[in-house]
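Letter by letter, the sequence shown follows residues 117 to 364 in this note's numbering.
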Amino acid sequence: MAGVIEAQIANKIQQSSPPSIFDCFTMTVQGRAPQNNVKCRLNKDLSAELWNYAGNRFTTLRATLSRQDIKEILDDIENANWSFDAGSYRKVKTVGLWRTVYDYNNRQLTYNNGMRAPEESVFCDKCGLLLRADCVTVDHHKPQVGGGPQAILKLFRALNLTKAGPEGHRGQQVWKQTSFAARSGAPKASGTQYDRYTMNDHGDLFLSLVNWATALASLEEKALNHVLNLRPMCIHCNTSKGNALAFI
Ligand SMILES: [Zn+2]
């Protein structure tokens, strides 16, 4: 079954009958930002191109995504194993990649009466306390309210759509298992924080395609509820964590 974003793009393509030209946008932690003197074009074969644009003419080709590239990126973003929605994100506890990254395992835990029993258990990602899995909440790393752009940039980083690659273990693990990013080899150097939060030309082109199909809200929901943006947290940390937006 096609994902939500894929369906919105397919619908837009049907209405517009390519070749289609549309505006270029990038994203910063503040949100979507228009790019002047750059345009995007979707060709008849459904490949997309990013062009420098001057005096009503396409001048220099900056980036191309083939139809297959676009399909792979969409699959990495919204395949059912990695991506949830606001109502189903707790199911991430069953995702192998997530369990590996957070060392979610069966361990012998000690009880008050000296009994030891095997329990599914995981460490709180903030304070490090080991807890039985059913005592742990699933927290959105970038918050559901206001964290959309940051969540998109974090996801794009693991898909080779930002200038610098992922810094953390989690992003690098996802990189290795994605189709589009993995084709370009090992994760790029993590670089400066600015470059980790700045999109590359492929990122701008893909985001502009999503924007053209009015699917940005769907992308935001997918990014917020993606395996990359969900982490185990104890209830104490979850209720006292303050404003996560402060820590980009
Ligand atoms: Zn904690």
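All residues carry an ideal CB built from backbone N, CA and C; glycine is no exception.
For this session: Using a threshold of 7 Å, state whether the C-beta atoms of VAL208 and TYR220 are closer than that.
Result: no
Exercise. Is ASP192 buried or exposed, if buried means 16 or more other CB atoms sit within 10 Å of its CB?
Worked result: buried
Exercise. Which of the three DSSP states, helix, strand or coil, is assigned to THR308?
Worked result: coil
For this session: Note the first and the last residue of the continuous alpha helix (DSSP H) segment covering GLY287.
Result: 285-293
Problem set entry | Counted within 10 angstroms of its Cβ, other Cβ atoms place LYS160 as buried (16 or more) or exposed | exposed
Exercise. Any Cβ of chain C within less than 7 Å of the Cβ of GLY147?
Worked result: The question asks about chain C, but that chain is absent: this structure has only one protein chain.
Exercise. Quick one: what does DSSP say ALA362 is sitting in, helix, strand or coil?
Worked result: Bear in mind that the predicted position of ALA362 carries a pLDDT of just 44, short of 50, making it unreliable; the figure below should be weighed with that in mind. Note: ALA362 maps to helix in three-state DSSP.
Exercise. In angstroms, rounded to a whole number, what distance separates the CA positions of GLY244 and ALA233?
Worked result: 21 Å
For this session: Tell me where the beta strand (DSSP E) around PHE138 begins and ends.
Result: 136-144
Exercise. From LEU323 to PHE272, what does the alpha carbon distance come to, in whole angstroms?
Worked result: 10 Å
Exercise. Quick one, are the C-beta atoms of ASN316 and THR253 less than 7 Å apart?
Worked result: no
Exercise. GLN184: which of TYR169, ASP201, SER163, TRP167 sits nearest, CA to CA?
Worked result: SER163
For this session: May I have the straight-line CA-CA distance separating CYS350 from GLN309, to the nearest angstrom?
Result: 28 Å
Exercise. Smallest Cα separation from LEU332: which of ILE137, GLY147, ALA118?
Worked result: GLY147
Exercise. So is PRO135 buried or exposed if we call it buried at 16+ other beta carbons inside 10 Å?
Worked result: exposed
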